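Number of protein chains: 4
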Amino acid sequence: MVLEVCKRPVKPVSLKPGMTVGELVSEMGDTGFGAGRLARAVEIYERMIKDGALILLGFAGAMVPAGMKKIIVEMIRRKMVHIIVSTGANMVHDLLEAFGGAHYKGVGTADDRQLYKWQIDRIFDVFVPEEYFKGYFDNPMLSILDEIARETRGTSLSSADLMREIGGKINDENSIVRSAFEHKVPIFVPAIQDSCIGLLLWEAAAKYNRTPPIIDVVKELNQFFSAVKDAEKTGAIILGGGVPKNYIFQVAFEFKKPYNYVIQITMDRPEPGGLSGATLEEAVSWGKVGEEAWKVQVISDTTICLPILVAAVMERISER
Amino acid sequence: MVLEVCKRPVKPVSLKPGMTVGELVSEMGDTGFGAGRLARAVEIYERMIKDGALILLGFAGAMVPAGMKKIIVEMIRRKMVHIIVSTGANMVHDLLEAFGGAHYKGVGTADDRQLYKWQIDRIFDVFVPEEYFKGYFDNPMLSILDEIARETRGTSLSSADLMREIGGKINDENSIVRSAFEHKVPIFVPAIQDSCIGLLLWEAAAKYNRTPPIIDVVKELNQFFSAVKDAEKTGAIILGGGVPKNYIFQVAFEFKKPYNYVIQITMDRPEPGGLSGATLEEAVSWGKVGEEAWKVQVISDTTICLPILVAAVMERISER
Amino acid sequence: MVLEVCKRPVKPVSLKPGMTVGELVSEMGDTGFGAGRLARAVEIYERMIKDGALILLGFAGAMVPAGMKKIIVEMIRRKMVHIIVSTGANMVHDLLEAFGGAHYKGVGTADDRQLYKWQIDRIFDVFVPEEYFKGYFDNPMLSILDEIARETRGTSLSSADLMREIGGKINDENSIVRSAFEHKVPIFVPAIQDSCIGLLLWEAAAKYNRTPPIIDVVKELNQFFSAVKDAEKTGAIILGGGVPKNYIFQVAFEFKKPYNYVIQITMDRPEPGGLSGATLEEAVSWGKVGEEAWKVQVISDTTICLPILVAAVMERISER
Amino acid sequence: MVLEVCKRPVKPVSLKPGMTVGELVSEMGDTGFGAGRLARAVEIYERMIKDGALILLGFAGAMVPAGMKKIIVEMIRRKMVHIIVSTGANMVHDLLEAFGGAHYKGVGTADDRQLYKWQIDRIFDVFVPEEYFKGYFDNPMLSILDEIARETRGTSLSSADLMREIGGKINDENSIVRSAFEHKVPIFVPAIQDSCIGLLLWEAAAKYNRTPPIIDVVKELNQFFSAVKDAEKTGAIILGGGVPKNYIFQVAFEFKKPYNYVIQITMDRPEPGGLSGATLEEAVSWGKVGEEAWKVQVISDTTICLPILVAAVMERISER
């Protein structure tokens, strides 16, 4: 019986100078802990692409300020993701860069009172001057939102409609919002009012004394459900947790249609009971993740694991 | 110079049988690490009540299934909280209990495939039979939502309006939703579509072939901002992180009106860069938390710290 | 079948002003997550005392600087612990206070370069002036160690022998080392050279040009094994992880004698694979923890949970 | 002033199929959070090699069972590490493999009662049949230890002496213990009694009725201090925390000789106050890490980060 559960020996990672990311991941394939899980994530991602699954990406945490946006753009372009569910903040920071703003490498142990005096906003070890929100986000966005309000007057919009409209009005090939527009990848932002986009909807309404576009919650669910429910196979890649994780999982719960492939990369933990850190096993009990699903949860920093995951899958796919 | 920063010695905790929670917290007052921080949280909470601050509660994580709802109800009744920002899930589970359902003590290491077969949904070590969602939530809620749709036809609602309407139609003195209704404490649920309430809005619209109430995002922001912006002093108690934390903080950012008192209890960590685990120091750089604010972040389990925090504050206040 | 696993409903915590710690823990008894686990820990600790188990305490992390020492002293006096396995550091800080030194409440976000200039050593948010190590530790300890070297010349000592000898030569009723000496509770410090006590053994040998006492590793194991192996029932309370956790567990592994009761309070997590954060379930596979053991792992801050645990058990025991 | 702290923009990671690990790390160089820190670690490691620093490796957590041993062997061979401080467990598992044993890929959610019945010991998601401890560790080690006892009779040994003696008596080019012996890299194991090596010292003494070699703690400190104290520049690479981190840092504290370069990879966190998760900033206050040291703490899974770190440094060095 021992033989049955002990048939695949751990094979120590062997390094060589100049090895590719894909080669490194292959070396991790027969190891334990995080390395083994990351290698498994690569295998699962490759599999969900190969099997033609509908791939949803949950996108939480300040991934854009940290420098992860071009990876998402690459995933969109290569059709490695079909639907995005994001926090508002990531979209805000993507747009801020699209309008000419930038984020800066700062330090994690900054003197925040001093930063406050300098009007620099800190996101762990990334800095953004507060005036950039005004110049590179509020100003261009106010006119875009007003344009959208004029064009859509009378019609309510889902958050995905809004993101698509915005995507059509900006020019930045490195922008997630723009790339998603071009490749018809919808971006759902279920808590859009919990971001500067929401704030501007409110500000625009006040400023232009115009009825703001109504962001319709039920319309959004309708669109999201329509996009997902008929897919033969579904895969989810969850970066962080939060609303995107729950939103992606609840469609499976609603339609009794568990995901076939799931990867989550997070640093949250299960014991405090929140969904963000809940195990994928737990999601099996709810029927959100299939009993026989290919699934893995990598407990490690997303900004480290996402580049490896995507680079390795790109390498494997382009080799085929 | 040493004297200046070393003037308050750590005083070891001294226990005695039968001591009150407040006495225990007093013993923790001169200690380090989590104990010192929890004692500080009690001091800050007492202070924000005494100073007449407007108190906002951010409420994330599966606090209701874990058994924390009566603490929130007590806080509402005793006017220890004035505005609630919650995930949808906590409201769903509060309503499920209000309609006669229950949660059960399970185990954290359950066999989730077996639970799936039994149709029992797991939330870490809490179980809920899936049929309860049907019998104790969907059915009563569908007719309540339809009633609301009929009553409000033509008017869009904020999530807080919706929660208030629901609160007016249920009977359960231990329910957060009901108590909030009775005591006029608004409950904002910024990602309401990311919950079974959202799902039912969608289902009700389909079932009754009726226009669902429009949940209006900008209206919600309007109400939230109106409720907060004129307060002389503001305090925030953040349980967990997620949308409630960001939503509570962004009003301070929008109006350049940093919180005067902030307590966060969380197990998330700052290094991965997400807002949930971000330090309160970081929030100072954004002007969300005041430079001179009374603030503390307790890195510990909320279900342990919240009861201590509230019990100790109740003890202190009732002593006055 | 649902009935079978769903028979104990979560009962929400109900608070009242002036409730005792024991009453609060009773309220936590029917809850989930950390609160339910902490209540379970109280139940298990009470049970191991009542059943007359040999109780081992693993003591890691800077518990003494944080202000936890009098709780340990209380546990010793009340015979709530029979054997201690500790890091060297906790013993160093206990002795430093016994010799007249102190720790101070500092801040967790101090400017460490400034502290370095001021010669203040930081332990998260606790400060200790570096001169205290000289005046309140090195000086008195050098002469004590030399005295011990003279008295024990020719005999090798285990770390527990050394701690007992030291305990006999100091006077401080609030000291763990002294109380353990008085109540014949052995303190094993398996990595004693990894602490200032080790450093002083080395310094004393150099200073007095005298052969230092030989701290004999095998002798220590002998004593530890003798103290544990014949106990009818064994219980372990693990604060943090590290060497004390492994050391306490390996005796069970060696003698195929799994612990009957285990409580661990820690913030470490299992996924990185280290023993400190390993689940108690994992220890079952090794035969370190019994299949039918009463066991619980509380994932929360020790400085918060330990006072509650011990206060509640003291309250329950004194009620009997 | 904004300009001064905002002069280095975050540059989003750009991927291409087949890129090398070193190229990926270069892309991470201008990012935030974990990715930026990992890139910084590569830079620091390269720098400490280039500057001829004495490099100490702290090695905790079950790194060998997870498959990390050949990376350490490679570091030894390429003179990328000069002194190792390890937990006993890692050495035990290295030897177990050297004597013909193996570890197996298991699962993190195994049924531990079943494993116990099958006598399979679990280390998170790695399995090891318990009989391997007997056949591939205890038996060969008992005779080796007895041989050492005979050869060294009358002399006490440090843990490093013992590891060197063992290294000289085994044959396995992939073994850390053997490679360290061949390349004269001392391995200090400060809590050697807290491992199966310690257990065997005890068992051997009983079995052969022979005085076991005395593992002398002060001798160990002497050797360790001699090896470190005269180095012009010192660098530390800490994997995990525990005794190895403290032991490596205390020599800097003892000799007022702060490390010039420090990298720590860990998932522990600072708030509970233990040294394992303490920030490197905190170590500056103690004079363990230099005020101007090149230092970085990567909060992420070691089994993922170590391979990237070493592969990238190997690539950079071999390019020179």
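Chains as they are written, first to last, in my numbering: chain A, 4 to 323; chain B, 4 to 323; chain C, 4 to 323; chain D, 4 to 323.
All C-beta atoms, glycine included, are put in the ideal place defined by N, C-alpha and C.
In this text, all values refer to a predicted model and were calculated from it rather than measured experimentally.
#1: How about D/G103 and D/V129: do their beta carbons lie closer than 8 Å?
#2: Give the secondary structure of A/L169 by DSSP, where H, G and I count as helix, E and B as strand, and everything else as coil.
#3: Closest to C/L203 by C-alpha separation, out of C/M83, C/K137 and C/V313, would be which residue?
#4: Between D/K82 and chain A, is there a C-beta pair that is closer than 8 Å?
#5: Could you check whether A/P12 and D/A105 sit closer than 8 Å to each other, using their CB atoms as the reference points?
#6: Using the rule of at least 16 other Cβ atoms within 10 Å of the residue's Cβ for burial, across every protein chain shown, is A/R272 buried or exposed?
#7: If you count every other CB in all the chains shown that lies within 10 Å of the CB of A/D54, and 16 or more means buried, which is it?
#8: For A/Y119 and A/V221, what's the separation of their Cα atoms in angstroms?
#9: My output table needs one value for C/P143: the three-state DSSP class, helix, strand or coil.
#10: Spell out the partners DSSP gives A/P3 in its beta bridges.
#11: Skipping 5 residues on each side, what residues in its chain have a beta carbon closer than 7 Å to that of D/G293?
#12: How many angstroms separate the CA atom of B/G276 from the CA atom of A/L242?
#13: Does any residue of chain C bring its CB to less than 8 Å from the CB of D/D164?
#14: Taking Cβ positions only, does A/A194 come closer than 8 Å to chain B?
#15: Should C/G171 go down as buried or exposed, given a rule of 16 or more other Cβ atoms within 10 Å for buried?
#16: Straight-line CA distance for B/R213 to B/T155?
#17: Taking a cut of 9 Å between CB atoms, which residues from the stretch 94-108 of chain C lie near chain B?
#18: Ignore the nearest five residues each way along the sequence and tell me which others in C/R167's own chain have a CB closer than 6 Å to its CB.
#19: With 16 other CB atoms within 10 Å as the buried threshold, where does C/K248 fall?
#20: So, with DSSP's three-state summary, where would you put C/T306?
#21: If you measure from the beta carbon of B/F127 to each beta carbon in chain A, is any gap under 8 Å?
#22: Could you give the first and the last residue of the continuous alpha helix (DSSP H) run that contains A/N174?
#23: Could you name the residues of chain A that C/F36 contacts, counting a contact when the two beta carbons are closer than 9 Å?
#24: Between the stretch 111-125 of chain D and chain C, which residues of the former have CB atoms less than 8 Å from a CB of the latter, in chain order?
#25: Under 8 Å Cβ-Cβ, which residues of chain A neighbour C/I47?
#26: Which residues in the same chain have their Cβ closer than 7 Å to the Cβ of D/M51, if we skip the five residues on either side of it in sequence?
#27: In three-state terms, what does DSSP make of A/T282?
#28: Can you list the alpha helix (DSSP H) stretches of 4 or more residues lying completely in the stretch 45-69 of chain A, in chain order?
#29: Going by DSSP, what residues sit across from A/R125 in a beta bridge?
#30: What is the DSSP secondary structure of B/N93, reduced to helix, strand or coil?
#31: Please decide whether C/I302 counts as near chain A, where near means a Cβ-Cβ distance under 8 Å.
#32: In this structure, does DSSP put C/V13 in helix, strand or coil?
#33: Which of helix, strand or coil does DSSP assign to D/C293?
#34: Taking 8 Å as the threshold (C-beta atoms), are D/M71 and D/L309 in contact?
#35: Going by the CB atoms, is the gap between C/I218 and C/L165 shorter than 8 Å?
#36: Kindly identify the DSSP beta-bridge partner or partners of D/K298.
Here's the rundown:
#1: no
#2: Reading off the sequence shown, one finds Ile at residue 169 of chain A, where the question assumed Leu. A/I169 sits in a helix when the DSSP states are folded into three classes.
#3: Ranking C/M83, C/K137 and C/V313 by Cα distance to C/L203 puts C/K137 first.
#4: no
#5: yes
#6: buried
#7: exposed
#8: 39 Å
#9: Of the three classes helix, strand and coil, the one that applies to C/P143 here is helix, per DSSP.
#10: Absent from the structure is residue 3 of chain A, since the part of chain A shown begins at 4 and ends at 323.
#11: P261, Y262 and N263
#12: Approximately 12 Å, taken between the alpha carbons.
#13: no
#14: yes
#15: exposed
#16: Just so you know, the alpha carbons of B/R213 and B/T155 end up roughly 12 Å apart.
#17: Going along the stretch 94-108 of chain C in chain order, one finds E100, A105, H106, Y107 and K108 with a Cβ nearer than 9 Å to chain B.
#18: F184
#19: buried
#20: helix
#21: Interface residue, yes.
#22: Careful: A/N174 lies outside any alpha helix (DSSP H) and carries neither H nor E.
#23: E274, P275 and G276, listed in chain order.
#24: G111, A113, D115, R116, L118, Y119, I123, D124 and R125
#25: Neighbours of C/I47 on chain A: none; closest Cβ ~17 Å, over 8 Å.
#26: I58, G238 and Y264
#27: coil
#28: Counting only runs of 4 or more, we get 66-69.
#29: Residue pairing of A/R125 in beta bridges, as defined by DSSP: A/F130.
#30: helix
#31: It does; some Cβ of chain A falls within 8 Å.
#32: coil
#33: Before going further, note that residue 293 of chain D is Gly rather than Cys in the sequence given. If DSSP states are grouped into helix, strand and coil, D/G293 belongs with the strands.
#34: yes
#35: yes
#36: D/V265
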